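Peer 1: Sequences listed follow chains A and B, in order. The numbering of the first sequence is the working numbering, which starts it at 1 and goes up by one. The numbering of the second sequence is the working numbering, which starts it at 284 and goes up by one. Take this structure first; my questions come after.
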Amino acid sequence: MTDAGVKAGAEAEAESEVLIRVRGLANRFGSHVVHEDLDLDIRHGEILGVVGGSGTGKSVLLRSIVGLKRPDAGSVEVFGEDLTALPPSRRSELERRFGVLFQRGALFSSLDLQENVALPLLEHAGLTRGDAEDLARMKLALAGLPPDAALKMPSELSGGMIKRAALARALALDPEVLFLDEPTAGLDPIGAADFDRLIMTLRDALGLSVFLVTHDLDTLYTACDRVAVLSQRRVLVADRLAVVEASDDAWVRDYFHGPRGRAAAGAAGAAEPITPTTSRENT
Amino acid sequence: MASTDTAPGQLHVTDSRLQISGDWTLEHYAVLRQQVRSHHSASSAGDEAVDLSGLAGLDTAGARLLVELLGAERMANVSQWAADLPQARQALLETVARVLRKSLEPTRPRRAPLADWLVDIGERVTALWHQQRMLLGFIGLTLTTLLACLLRPWRWRVTALVAHIHQTGLNAVPIVALLTFLVGAVVAFLGATVLRDFGATIFTVNLVAFAFLREFGVLLAAILLAGRTASAFTAQIGAMKANEEIDAIRAIGLDPMELLVLPRLLAMMVILPILTFIGMLCGILGGALVCIFMLDISATQFLAILQRDIPLNHFLVGLGKAPIFAFLIGVIGCLEGFKVSGSAQSVGEHTTSSVVQSIFMVILLDAVAALFFMEMGW
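Listed below in C-alpha cells is the structure:
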C-alpha cells in the first residue's frame, strides 16, 4: 500500500521538525488534578493519535494547546513561540494556523454550511462574500459533501455530515495543524472509515499535522503515525503503534490487547502488515 | 507557512509560455484572482505550455485559482506534465482539481416574486391555523391528563408543584407589587387631573378601586407572568427537548405531560390569583397614597368610600379571570417548549413566540371578558 511508504517517509523527516512542544503542563480543576508534568511533541506532517481512558483529560489537553484553557503550569510552545507568554494579538495570529474540529461539530446553528465555512475567511482573510463562499464550497467538497449541502442548515444534517462540515470549517484558513476531538465518535463504521481515509488524504494533500483525540481503535491502526497514551496525569508513552503496544503498562495492555484491540489489530494487520504483534496477543 | 512578508503570485506570458511564480496563497487572493480573470479574458487558448517552477507558496485557495486558470481536467493529471513539482504540491493540486471537476454551484430553488409572496401568505395562514389547532389539542390533552391524575393522588407531584410555585410565584411578588403600586399611583394622578375640572376629585378613589379590582390587578400580574414565566417554561422544556430528555422520559414509560406540564400549570393557577390579589392591594395602596398626599382625602375617608361604593362582585370578577389567564399562559409556554427543534436558534424563536402569544391571548381574553361582564351587568 502507498500509505505505508508515505508513513515511513513522514517519520524519517519528522524527527527534525517539532511544531508543538508541550513541557511540564499542569491542569487542575479545584483539587482535581488532570495533568501534571505532561510532555508531548507534535511533529510536522504526522497524525498523532491521543488515547486514554475517560476522564484522563484528552480534551483538556487539546484545549490547553489551542489556547482555550490557560494551563496552571508549564509551557506550550507553538511554531517555536511560547503561546502562554505571547501578547493577545500575536497569539490570535498563531491560533489562526490551527484548525479545530470540536466533538459535536459546534457548527453555528444560525448559518448555513457555506456561511459557516466562509465566516473565518470573511473575518480573517478579508475576502469578498462571493469569493469566500466560492472557496467555502470548495472546502465543503474537499471534506466530501455534495454541492447541494452548501445551503443546508446544520440542524438538517446527519451526524456524519456535521463532522464533515465542521472539518471543512476547520480547514477554512488552511491551517498547519488540525485538532480533531473524537472525529469518528457517533459515526457508523463505514462513515468512520471514510472519515479516516479523508483525513489521511487531506494530510497528504495539504501537508497537515493532525492531533487526533480518539477512542476508535480502527482509526489508530489505519490513520495514526504515532500514538500518545494519556494515563496517570501525563503522557505515558508517545511513539509508533508497535512500540506503544509493547509497553507493559496495565492500561495499555488492556487497551490494545483486549478483545476490541485484537480485532482492530487483526483487521489492520490483514490489510497492511505494520506491526509484528502476534506473539504478544496472548497476554 | 504563512510568513508575514511574501511576494504575491505572478503570471507572465513569454513566447506563448505561461510562467507562474511567487506565492499563491489566501493572503493574496484578491490580487491573484484579478490576474487570473484578466488572463482569461485576454487569451482564449487554454493549451499553452505552463511553467510552475517559480511557484513559492501554495495553499488550497491558490490551488483553486490555478485550477481555474488551467482547467480542472488539465490540473487533475499535473504529475504528468509537471514532474519537477514537489510531490506534496502535485497531490494538493490534484486533490483540488478532482473536487472542482463537478460544478459546486448548489441548485437554488427559483420562484417568481409574486408567487413567492403568495406562497408566503399561504404558509403564514396555514401556520396560524395549525397553531390554533395544536393549542386546542394541547389544552384537551392537558385536561384529560389532569382528570386522570386527580383521581390518583399517589401520582401527584407535590415537590415539583411546590418548587414551581416558589420559582414562578414567590420570586415574582416584589416585581408585581412594585409595578402595580406605581401604576396605581399613575392612575390616581390621571383621575385627579381629569376629575378636577368637574370638581369631582373624590371620585379618584372609585376610579382606582374599580380599575384595580376589575382589570389592572389581574392584567398586570398576568402580563408580568407571561413575560417572566411563559418564557422560562418554553426555554426549560425546549432545552430538554433539544437534549432528548423528553424522549428519555417517554422511553422510561413516563408521561411528560404529567411530569412537566401539570406541575407548571397547576403552580401557575395557584400563584396567579395570589399575585392578582397582591397586585390589587398594591395598586389601591399606590392610589391611596396619591389621594392622601396630593388630594387631601384622608385614609379613613378613602376606606369609607371603598366600603360604601365598591361591592364585592368587582373583586370576584377580577379574581375569577386569574386562573383562566394562568392556564392559558402556562399552556402556551409549555406547548412552545415542546415545539422546539434542536437548535439554539429554535429555542430563541419559540421563547419569543410564547411571550408574544401569551400576552396577546391574555389581553384578547380580557377584552372579551370585559364585554361579557358589561352585558351581564356584573
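Idealized CB from N, CA, C, for every residue including glycine. Here the structure is a predicted model, which means the values were calculated and not measured.
So what does DSSP say about B:Gln302, is it helix, strand or coil?
Peer 2: Here residue 302 of chain B is taken as the residue at index 19 of the second sequence, counted from 1. If DSSP states are grouped into helix, strand and coil, B:Gln302 belongs with the strands.
Peer 1: Alpha carbon to alpha carbon, how far is B:Gly613 from B:Met659? Give it in angstroms, no decimals.
Peer 2: As a working note, residue 659 of chain B is residue 376 in the second sequence. As a working note, residue 613 of chain B is residue 330 in the second sequence. So the alpha carbons of these two residues sit roughly 28 Å apart.
Peer 1: Are the stretch 644-652 of chain B and the stretch 575-585 of chain B in contact at 8 Å, needing three or more beta carbon pairs?
Peer 2: Too few Cβ pairs lie closer than 8 Å, so no.
Peer 1: If you check the beta carbons only, do B:Val488 and B:Ile580 fall under 8 Å apart?
Peer 2: Residue numbering aside, residue 488 of chain B sits at position 205 when the second sequence is read from its first letter. Residue numbering aside, residue 580 of chain B sits at position 297 when the second sequence is read from its first letter. In contact: B:Val488 and B:Ile580 (Cβ atoms closer than 8 Å).
Peer 1: Looking only at C-alpha atoms, which of A:Trp251, A:Val18 and A:Asp225 sits nearest to A:Asp239?
Peer 2: By 1-based counting over the first sequence, the position of residue 239 of chain A is 239. Considering only alpha carbons, the answer is A:Asp225.
Peer 1: Verify the CB distance criterion: does B:Gly625 have a CB-CB separation below 8 Å to chain A?
Peer 2: Reading the second sequence from its first residue, position 342 is the one you call residue 625 of chain B. Yes - at least one Cβ of chain A is within 8 Å of the one on B:Gly625.
Peer 1: What are the boundary residues of the alpha helix (DSSP H) that includes B:Gly603?
Peer 2: Here residue 603 of chain B refers to the residue found at position 320 when the second sequence is read from its first residue. Looking at the DSSP string, the run of the alpha helix (DSSP H) that includes B:Gly603 is Leu595 to Phe621.
Peer 1: Using 8 Å as the cut-off, can you tell me whether the stretch 460-480 of chain B makes contact with the stretch 568-578 of chain B, which would need three or more C-beta pairs spanning the two stretches below that distance?
Peer 2: Yes, the stretch 460-480 of chain B touches the stretch 568-578 of chain B.
Peer 1: Give the DSSP-derived three-state secondary structure of A:Thr56 in the structure shown.
Peer 2: As a working note, residue 56 of chain A is residue 56 in the first sequence. Looking at A:Thr56 - three-state DSSP - the assignment turns out to be coil, as it is neither helix nor strand.
Peer 1: Flag A:Gly207 as yes if its beta-carbon sits less than 8 Å from any beta-carbon of chain B, otherwise no.
Peer 2: Here residue 207 of chain A corresponds to residue number 207 of the first sequence, with the count starting at 1. A:Gly207 counts as touching chain B.
Peer 1: Using a Cβ-Cβ cut-off of 8 Å, state whether A:Arg164 counts as contacting chain B.
Peer 2: Numbered from 1 along the first sequence, position 164 holds the residue referred to as residue 164 of chain A. No, A:Arg164 lies away from the interface with chain B (no Cβ there is under 8 Å from its Cβ).
Peer 1: B:Leu411: buried (16+ other C-beta within 10 angstroms of its C-beta) or exposed?
Peer 2: Here the question's residue 411 of chain B lines up with position 128 in the second sequence. B:Leu411 is exposed by the Cβ-count criterion.
Peer 1: Helix, strand or coil for A:Leu241, going by three-state DSSP, please let me know.
Peer 2: As a working note, residue 241 of chain A is residue 241 in the first sequence. Residue state, collapsed to three classes: helix.
Peer 1: Answer with buried or exposed for A:Glu182, where buried requires no fewer than 16 other C-beta atoms within 10 angstroms of its C-beta.
Peer 2: Within the first sequence, residue 182 of chain A is the residue found at index 182, counting from 1. Per the 10 Å Cβ criterion, buried.
Peer 1: Is it buried or exposed, B:Leu654, if we count other Cβ atoms within 10 angstroms and call 16 or more buried?
Peer 2: Indexing the second sequence from 1 puts residue 654 of chain B at position 371. The residue is exposed, with fewer than 16 neighbouring Cβ atoms inside 10 Å.
Peer 1: Taking B:Glu388 as the query, report the chain A residues whose CB atoms sit under 7 Å from its CB, ordered along the chain.
Peer 2: In the second sequence, the residue the question calls residue 388 of chain B occupies position 105. Pro147, listed in chain order.
Peer 1: Quick one, which of A:Glu156, A:Thr214, A:Leu230 and A:Leu171 has its alpha-carbon nearest B:Ser624's?
Peer 2: Here residue 624 of chain B refers to the residue found at position 341 when the second sequence is read from its first residue. When only C-alpha atoms are compared, the closest one is A:Glu156.
Peer 1: Give the secondary structure of B:Ser336 by DSSP, where H, G and I count as helix, E and B as strand, and everything else as coil.
Peer 2: Position 53 of the second sequence holds residue 336 of chain B. B:Ser336 falls in the strand class under three-state DSSP.
Peer 1: Looking only at DSSP bridge pairs, what is A:Ile47 linked to?
Peer 2: Here residue 47 of chain A refers to the residue found at position 47 of the first sequence. According to DSSP, A:Ile47 bridges with A:Val210.
Peer 1: For B:Cys617 and A:Leu107, what's the separation of their Cα atoms in angstroms?
Peer 2: Translated into positions along the second sequence, residue 617 of chain B becomes position 334. Translated into positions along the first sequence, residue 107 of chain A becomes position 107. Cα to Cα, the separation comes out at about 28 Å.
Peer 1: Mind checking if B:Arg320 is an interface residue toward chain A, Cβ cutoff 8 Å exclusive?
Peer 2: Indexing the second sequence from 1 puts residue 320 of chain B at position 37. Not closer than 8 Å to any Cβ of chain A, the Cβ of B:Arg320 fails to qualify, so no.
Peer 1: Would you tell me roughly how many angstroms separate the C-alpha atoms of A:Asp174 and A:Arg97, rounded to the nearest one?
Peer 2: Here residue 174 of chain A is taken as the residue at index 174 of the first sequence, counted from 1. Here residue 97 of chain A is taken as the residue at index 97 of the first sequence, counted from 1. Those two C-alpha atoms are separated by around 7 Å.
Peer 1: By alpha-carbon positions, which one of A:Leu217, A:Ala228, A:Val237 and A:Leu236 ends up nearest to A:Gly258?
Peer 2: As a first step, residue 258 of chain A must be located in the first sequence, where it is residue number 258. Nearest option by C-alpha distance: A:Leu217.
Peer 1: Spatial neighbours of B:Val379 within its chain, please: CB distance less than 7 Å, with the 5 preceding and 5 following residues excluded, ordered by chain position.
Peer 2: Along the second sequence, one-based indexing puts residue 379 of chain B at 96. So the list reads Thr343, Ala346, Arg347 and Val350, once near-sequence residues are dropped.
Peer 1: List the residues of chain A whose Cβ lies closer than 8 Å to the Cβ of B:Leu383, in chain order.
Peer 2: In the second sequence, the residue the question calls residue 383 of chain B occupies position 100. By Cβ distance, chain A contributes Met138 and Ala141.
Peer 1: Jot down the residue ranges of each uninterrupted alpha helix (DSSP H) in the stretch 528-572 of chain B, minimum 4 residues, whole runs only, in chain order.
Peer 2: Segments of the alpha helix (DSSP H) lying fully in the stretch 528-572 of chain B: 528-534.
Peer 1: Between A:Leu198 and the rest of its own chain, which residues show a CB-CB distance below 6 Å, the 5 nearest in sequence each way excluded?
Peer 2: Taking the first sequence and counting its residues from 1, the one referred to as residue 198 of chain A is at position 198. Gly144.
Peer 1: According to DSSP, is A:Asn282 helix, strand or coil?
Peer 2: As a working mapping, residue 282 of chain A is identified with position 282 in the first sequence. With a pLDDT of 42 at A:Asn282, under the threshold of 50, the predicted position of this residue should be treated as unreliable, and no value is reported.
Peer 1: For a contact defined as C-beta to C-beta under 7 Å, what are the partners of B:Gln363 on chain A?
Peer 2: Working through the second sequence from its first residue, we reach residue 363 of chain B at position 80. Going along chain A, no residue has its Cβ under 7 Å from B:Gln363, so there is no contact; the nearest lies around 17 Å.
Peer 1: Could you pull the start and end residues of the alpha helix (DSSP H) that A:Gly284 belongs to?
Peer 2: A query on residue 284 of chain A cannot be resolved here, the shown segment of chain A reaching from 1 to 283 and no further.
Peer 1: Taking contact to mean 3 or more Cβ pairs, one atom from each stretch, closer than 8 Å, check whether the stretch 530-542 of chain B and the stretch 624-638 of chain B are in contact.
Peer 2: Touching, no, given that fewer than three Cβ pairs across the two stretches are closer than 8 Å.
Peer 1: Enumerate in chain order the residues of its own chain whose CB-to-CB distance from A:Gln232 is below 6 Å, with the five nearest sequence positions on each side excluded.
Peer 2: Counting from 1 along the first sequence, the entry for residue 232 of chain A is found at position 232. Within the same chain, A:Gln232 has no close Cβ partners at all.
Peer 1: Using beta-carbon positions only, say whether A:Leu48 and A:Leu230 come within less than 8 Å of one another.
Peer 2: The residue you call residue 48 of chain A lines up with position 48 of the first sequence. The residue you call residue 230 of chain A lines up with position 230 of the first sequence. Going by C-beta atoms, A:Leu48 is not nearer than 8 Å to A:Leu230.
Peer 1: Identify, in the order they occur along the chain, each residue of the same chain with its Cβ nearer than 6 Å to the Cβ of A:Ala118, setting aside the five sequence neighbours on each side.
Peer 2: Position 118 of the first sequence, counting from 1, holds the residue named residue 118 of chain A. So the list reads Ala132, Glu133 and Ala136, once near-sequence residues are dropped.
Peer 1: Using a Cβ-Cβ cut-off of less than 7 Å, list which residues of the stretch 87-101 of chain A approach chain B; keep chain order.
Peer 2: Cβ contacts with chain B come from Arg97.
Peer 1: In angstroms, rounded to a whole number, what distance separates the CA positions of B:Ser626 and B:Ile535?
Peer 2: Sequence index remark: in the second sequence, residue 626 of chain B carries index 343 (1-based). Sequence index remark: in the second sequence, residue 535 of chain B carries index 252 (1-based). If you take the alpha carbons of B:Ser626 and B:Ile535, they lie about 24 Å apart.
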